[in-house]
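Working notes, beginning with the structure itself.
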Amino acid sequence: MMDYEIFKDVIEDQIKDYLPDSFKNADILIRRAHETNESYDEICAILSDEKMSPAVGIKYYYEKYREKENIQSILRELAGSIVELHDIKKEVEDIVDLDNVQHNILYAVVNTEANREFLENAPHRQLQDLSVVYRIRLGNDEYGKEISMKINNDIMNQMELTEQNLFDLASENTNRIYPAKAVSMEEQIREILQRQGMDNETIDVLVDARMLRESPLWVVKNDAPVGGAAIIANTDVFDELSRKIGDDLYIIPSSVHEVLVMPAGQNDALKLADMVLDINRTETLLADRLSNQIYKYDKENKEITMATDTPNKSIEYYNSYKAKTNDLERKQPKGPKM
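Under full-length UniProt numbering, the residue at position 230 of the sequence shown is numbered 230, and the numbers go up by one with no gaps.
As structure tokens, this is what we get:
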């Protein structure tokens, strides 16, 4: 059985034999691609005069090869995916036009250090130890899941925009499409139980409303299916909550999808940072981690600063939970990505 590096060499050398004649002059390239906090190998067949080249993740096919040990069937399937992505490429190219996308440019926040390689070729702005990045909301797939595309420098230049243009558009669009909201722990728990199909009478029995109403913990998020922690780039929701509570706020980066908020005067930032670190290490998937630090919203100056600067800055560590999850993902691979 081939190891992964040899497998990459083989598919790079042989994939053209399985592609149609229209790809005979294509350049085959294996390159690194980037997801939040992680990177992976992908293969693309670049035709002449392409504005963008769709690519297929390699690891998925290597895992299928490990199961089948039939390189010919893997190459046929991989070639089919490459052709399929090229068939829909024109639709995506049409979308990457300012008139089509200006109302669907959104932002997200990622950990700067963990995404350094991606940020080298992508418009972004610094926000403490985080970076604001941009994406295009393309629509939904047949299952209702949102499809989006990250904006790199090439796409930004193609649209003839600057990073400031992107930030202005993304600020307006994100707030319009996915407005930020702060909900109490009682509201959050009720919402989760309702999504699971539980009726209000049963929820009333399970939820200790009095205790939760007295809880100083709030969830700040938006309705985006992913990346809800982008609200940290907009201080309006924190300003409203701080005035309601009457205190500065500690912002706890629970994941890239949402943040938790507590009154700063009632809590110890270093203890909160220790808690975040422990949860990141034991429970949170690498792709969902945002930071190990705690942030502070100053209600007088209306700004977010770092409340902690602990030595444990890296979020790129692996643990037993991650190893277990990787094993599950290997058994149930996700397939090619655009």
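Built from N, CA and C at the ideal position, the CB exists for glycine as well.
- For GLN126, there is no enclosing alpha helix (DSSP H); the residue is found in the beta strand (DSSP E) stretching over 125-127.
- Closest option to LEU127, judged by alpha-carbon separation, among LYS271, ALA229, SER254: ALA229.
- Beta-bridge partners assigned by DSSP to ALA264: none are found.
- About 6 Å separates the beta carbons of ASP129 and THR112, which is inside the 8 Å limit, making them a contact pair.
- Take the alpha-carbon of LEU75 and the one of LYS16: they are about 9 Å apart.
- Boundaries of the alpha helix (DSSP H) around ASP9: 4-14.
- With distances taken between CA atoms, ARG289 lies nearest to GLY227 out of MET262, GLU303, GLY227, PRO216.
- When secondary structure is reduced to three states using DSSP, HIS34 falls in the strand class.
- The Cβ atoms of LEU161 and VAL83 lie no closer than 8 Å to each other.
- Assignment of LEU130 by DSSP, reduced to helix, strand and coil, places it in the strand class.
- Here ASP239 has LYS302 as same chain residues with Cβ atoms under 6 Å from its own Cβ, once five neighbours each way along the sequence are excluded.
- About 6 Å separates the beta carbons of LEU286 and GLU38, which is inside the 8 Å limit, making them a contact pair.
- ASN173 is positioned such that its CB atom lies closer than 8 Å to that of ASN104.
- Within 10 angstroms of the beta-carbon of LYS244 lie fewer than 16 other beta-carbons, which makes it exposed.
- Excluding the 5 residues flanking it on each side, ASP41 has same chain C-beta neighbours closer than 7 Å at LYS8, ILE30, ARG32, ILE58, LYS59, in chain order.
- Counting along the chain, the unbroken alpha helix (DSSP H) around ASP236 starts and ends at 236-245.
- In terms of CA proximity to PRO263, VAL219 leads the group ALA224, GLU201, VAL10, VAL219.
- By the Cβ-count criterion, SER131 is buried, with 16 or more other Cβ atoms from all chains shown falling within 10 Å of its own Cβ.
- In this structure the region 145-157 lies against the region 112-122, because at least three pairs of beta carbons, one per stretch, are closer than 8 Å.
- As computed with DSSP, LEU106 is found in a beta bridge with ARG135.
- The beta-carbon separation of GLN293 and PRO216, rounded to 20 Å, does not stay under the 8 Å limit for a contact.
- When the Cα atoms are used, ILE232 and TYR107 turn out to be separated by approximately 11 Å.
- If you draw a straight line from the Cα of GLU163 to the Cα of TYR295, it comes to about 24 Å.
- In this structure, DSSP gives THR284 a state outside helix and strand, which the three-state scheme calls coil.
- Check the Cα spacing between LYS64 and each of THR36, ASN100, TYR4: the tightest is with TYR4.
- The beta carbon of MET2 sits closer than 8 Å to those of VAL10, TYR65, ILE71, all from its chain and outside the five residues before and after it, given in chain order.
- Contact between TYR250 and LEU270 is ruled out by a C-beta separation of about 11 Å, above the 8 Å threshold.
- Distance from the Cα of GLU35 is smallest, within the candidate group VAL109, TYR62, ASN25, for VAL109.
- A Cβ-Cβ distance of about 7 Å is found for the pair ILE43 and ILE28, placing them in contact under the 8 Å criterion.
- According to the DSSP secondary-structure assignment, LEU169 is paired through a beta bridge with no residue.
- A direct Cα-Cα distance of roughly 10 Å separates TYR297 from VAL261.
- Taking SER254 as reference, the option from LEU277, THR305, ASN200, ASN100 with the minimal CA-CA separation is LEU277.
- For the pair LYS299 and ALA182, the Cα-to-Cα distance works out to about 16 Å.
- Taken through DSSP and simplified to helix, strand or coil, LEU29 comes out as strand.
- Out of GLY80, LEU85, GLY139, the CA that lies nearest to the CA of PRO225 is found in GLY139.
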